[in-house]
């Protein structure tokens, strides 16, 4: 198999990364995808940094063994805490991409915001990675961060577009910490699944930064620059989880249709 025909490896703690995988599929229809959802350890947001690094390295090594030509860490928590370790371990063998740097680059090019909000898991917000990188790129920007730990598990269990999700979302977004923001970064790849509800809360008065489209376009650009775009025939996508769940299987079929073969793979035996 030629290098360009090899698959793109994508991983997340659960279903959130499917939003990234789906966006990549739209902009790169000829590419073959191998997706790993670490449902056994979901959510990553309440795990220690050491645990997240360990999971990320294990999954990165698995995707390398699956002969992927690049790895996309489709999880903000893993991108903030595990990216450098995966890159250091695999970087000389294959490119490793995260979901944070493309968003920071996007915001820095906009030059239109004075105050911007960031919502994500406890681990992502505690790492302060968005604040550090955004302020390095746009020094006069005011960054307001809020941990929203109930959102990812809620989405993972299929609770969105209902009264439960509306109550939780409204409670978080009404926090004084997000007062006077002009845009909101959805710093968790699960959150695009509740973007409509977030838009409803704000009444479209602020810009909602959907990171998945930004990341997908960045993946396309990087593969193009490295001469790794597949111009030939697409192979068969593969989907792996560390623990099979009905919610993950249902979500995968929503994004990729009914012909998927979801396989359970325990990397921690």
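In the numbering used here, the protein residues as written are 16 to 284.
Note that CB positions come from ideal geometry on N, CA and C, so glycine has one too.
Quick caveat, the model's predicted, so the values are computed rather than measured.
| query | Leaving out five residues before and five after residue 278 in sequence, what residues of the same chain have Cβ atoms less than 8 Å from its Cβ? | reply | Residue numbering aside, residue 278 sits at position 263 when the chain shown is read from its first letter. Excluding residues within five positions, the ones whose Cβ falls inside 8 Å are 253, 254, 255, 256.
Hey, would you say residue 173 sits closer than 7 Å to residue 262, going by beta carbons? Numbered from its first residue, the chain shown carries residue 173 at position 158. Numbered from its first residue, the chain shown carries residue 262 at position 247. It is a contact, given that the beta carbons lie within the stated cut-off.
DSSP three-state assignment for residue 112, whether helix, strand or coil: Reading the chain shown from its first residue, position 97 is the one you call residue 112. Strand, per DSSP.
DSSP on residue 299, reduced to helix/strand/coil?
In this structure the chain extends from 16 to 284, so residue 299 is not present and cannot be described.
- Message: Buried or exposed for residue 148, going by 16 or more other Cβ atoms inside 10 Å?
- Response: As a first step, residue 148 is located in the chain shown; it is residue number 133 there, counting from the start. It counts as buried.
Any idea what DSSP makes of residue 254, helix, strand or coil? Looking up residue 254 in the chain shown gives position 239. It is a strand residue.
At least 3 beta-carbon pairs within less than 8 Å: the stretch 193-201 vs the stretch 131-142 = yes
_Beta-carbon spacing of residue 234, residue 88 below 7 Å_ = Taking the first residue of the chain shown as 1, we reach residue 234 at position 219. Taking the first residue of the chain shown as 1, we reach residue 88 at position 73. Not in contact: residue 234 and residue 88 (Cβ atoms no closer than 7 Å).
Requested in this report: Taking residue 98 as the reference, give the member of 84, 75, 247, 218 with the closest Cα.
Outcome: Here residue 98 corresponds to residue number 83 of the chain shown, with the count starting at 1. If we check each option's Cα against that of residue 98, 75 comes out closest.
* **Rounded Cβ spacing between residue 71 and residue 114 (contact assumed at less than 8 Å)** => Here residue 71 corresponds to residue number 56 of the chain shown, with the count starting at 1. Here residue 114 corresponds to residue number 99 of the chain shown, with the count starting at 1. Going by Cβ atoms, the distance from residue 71 to residue 114 rounds to 13 Å, so no, they are not a contact pair.
**Q.** residue 89 - DSSP class collapsed to helix/strand/coil
**A.** What you label residue 89 is simply residue 74 of the chain shown in a count that begins at 1. Reduced to three states, the DSSP call for residue 89 is coil.
- Message: Classify residue 154: buried if its beta carbon has 16 or more other beta carbons within 10 angstroms, exposed otherwise.
- Response: Position 139 of the chain shown, counting from 1, holds the residue named residue 154. Label assigned to residue 154: exposed.
Worksheet item: From residue 228 to residue 283, what distance separates their C-alpha atoms?
Response: Stepping through the chain shown from its first residue, residue 228 is reached at position 213. Stepping through the chain shown from its first residue, residue 283 is reached at position 268. Their Cα atoms are separated by approximately 32 Å.
Nearest residue (CA-CA) to residue 17, options 122, 190, 280, 247: As a first step, residue 17 must be located in the chain shown, where it is residue number 2. Comparing Cα-Cα distances from residue 17 to each of 122, 190, 280, 247, the minimum goes to 247.
Handout entry: Minimum C-alpha distance to residue 25 - residue among 225, 206, 58, 93
Key = For the purposes of this step, residue 25 is taken as residue 10 along the chain shown, with counting starting at 1. With distances taken between Cα atoms, residue 25 lies closest to 93.
- Message: So, under 8 Å CB-CB, residue 79 and residue 109 are touching, yes? Tell me the CB distance rounded to an integer number of Å.
- Response: For the purposes of this step, residue 79 is taken as the residue at position 64 of the chain shown. For the purposes of this step, residue 109 is taken as the residue at position 94 of the chain shown. With a Cβ gap of about 7 Å, residue 79 and residue 109 count as contacting.
Notebook entry, point to check: Per DSSP, residue 222 is paired with what?
Noted result: As a working note, residue 222 is residue 207 in the chain shown. According to DSSP, residue 222 bridges with 198.
Rounded C-beta distance between residue 7 and residue 45? I'm assuming under 8 Å. An answer regarding residue 7 cannot be provided, because it is not within the stretch 16 to 284 covered by the chain.
Rounded to whole angstroms, what is the Cα-Cα separation between residue 122 and residue 69?
One-based indexing of the chain shown puts residue 122 at position 107. One-based indexing of the chain shown puts residue 69 at position 54. Cα to Cα, residue 122 sits roughly 30 Å from residue 69.
Since residue 161 and residue 193 are thought to touch, with beta carbons under 8 Å apart, how far apart are those beta carbons, to the nearest angstrom? Position 146 of the chain shown, counted from the first residue, corresponds to residue 161. Position 178 of the chain shown, counted from the first residue, corresponds to residue 193. Between residue 193 and residue 161 the Cβ distance is about 6 Å, and since that is below 8 Å, they are a contact.
- Straight-line CA distance for residue 29 to residue 217? Stepping through the chain shown from its first residue, residue 29 is reached at position 14. Stepping through the chain shown from its first residue, residue 217 is reached at position 202. About 27 Å.
According to DSSP, residue 162 sits in a beta bridge with which residue or residues?
Counted from its first residue, the chain shown places residue 162 at position 147. 135, per the DSSP bridge assignment.
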